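Undergrad: For the sequence shown, the working numbering begins at 20 and goes up steadily by one.
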Amino acid sequence: FLGIYPLEASTLPHTSLFSSLINFQAVENPTATEIQDVCAAVGLNVFLEKNKMYSREWNRDLQYRGRVRVQLKQEDGSLCLVQFPSRKSVMLYAAEMIPKLKTRTQKTGGGDQSLQQGEGSKKGKGKKKK
20 FLGIYPLEAS
30 TLPHTSLFSS
40 LINFQAVENP
50 TATEIQDVCA
60 AVGLNVFLEK
70 NKMYSREWNR
80 DLQYRGRVRV
90 QLKQEDGSLC
100 LVQFPSRKSV
110 MLYAAEMIPK
120 LKTRTQKTGG
130 GDQSLQQGEG
140 SKKGKGKKKK
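Given below as structure tokens:
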């Protein structure tokens with residue numbers, strides 16, 4: 020089993036530690052459960068460890084905790100899935116599929132309404148008397 024932390028697939032500047040993901044392929048603030056969902060949907064054997072944390076993660080919130088354990092090889096050494104021979108291939112697949120999750124696409128829906136509420140005609144007050 021190999022361990023994948025959400026910070027390794029993030030677009031944050033200090034995540035260049037995992038050099039195989041270039042910034043345009045990385046995901047903004049991925050969570051361990053999102054990585055688990057994507058890997059489980061494709062048929063990989065995954066296990067989520069919620070209390071584990073990446074040592075270089077500066078934010079100690081519960082949202083950023085978690086490690087996903089992914090099994091790439093069987094006990095005899097053969098690959099579980101041929102399309103995932105390495106850690107890099109799993110990370111690239113997760114970075115590609117996480118933005119397509121329903122939870123990600125629903126969050127971006129209604130951001131424009133707050134901008135329209137602030138617009139309106141402002142009435143100026145009269146001159147101040149001295």
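Don't be surprised by glycine CBs; every beta carbon is placed ideally from N, CA and C.
Keep in mind the model is a prediction, meaning the values are calculated, not measured.
Are at least three pairs of beta-carbons, each pair with one atom in the stretch 103 to 114 and one in the stretch 70 to 84, less than 8 Å apart?
TA: no
Undergrad: Got a sec? Which residues, its chain only, sit under 6 Å from Lys69 by beta carbon, not counting five neighbours each side?
TA: By 1-based counting over the sequence shown, the position of residue 69 is 50. Result list for Lys69: Gly85, in chain order.
Undergrad: Using beta-carbon positions only, say whether Glu27 and Ile117 come within less than 9 Å of one another.
TA: Looking up residue 27 in the sequence shown gives position 8. Looking up residue 117 in the sequence shown gives position 98. Cβ atoms of Glu27 and Ile117: not closer than 9 Å.
Undergrad: Name the DSSP bridge partner or partners of Arg86?
TA: In the sequence shown, the residue the question calls residue 86 occupies position 67. Glu68, per the DSSP bridge assignment.
Undergrad: With a 10 Å radius around its C-beta and 16 neighbouring C-beta atoms as the bar for buried, classify Glu138 as buried or exposed.
TA: Translated into positions along the sequence shown, residue 138 becomes position 119. In this prediction, Glu138 scores a pLDDT of 47, lower than 50, which makes its location untrustworthy; the coordinate-derived value is nonetheless stated afterwards. Per the 10 Å Cβ criterion, exposed.
Undergrad: Which term fits Gln125, buried or exposed, when burial requires 16 or more other beta carbons within 10 angstroms of its beta carbon?
TA: Translated into positions along the sequence shown, residue 125 becomes position 106. Exposed.
Undergrad: Considering only the alpha carbon of each residue, which of Phe66, Arg88, Asp56 lies closest to Leu21?
TA: As a position in the sequence shown, residue 21 is number 2, starting the count at 1. Cα-wise, what sits closest to Leu21 is Arg88.
Undergrad: Quick check: what's the CA-CA separation for Lys121 versus Gly96?
TA: Indexing the sequence shown from 1 puts residue 121 at position 102. Indexing the sequence shown from 1 puts residue 96 at position 77. Cα-Cα distance, rounded: 35 Å.
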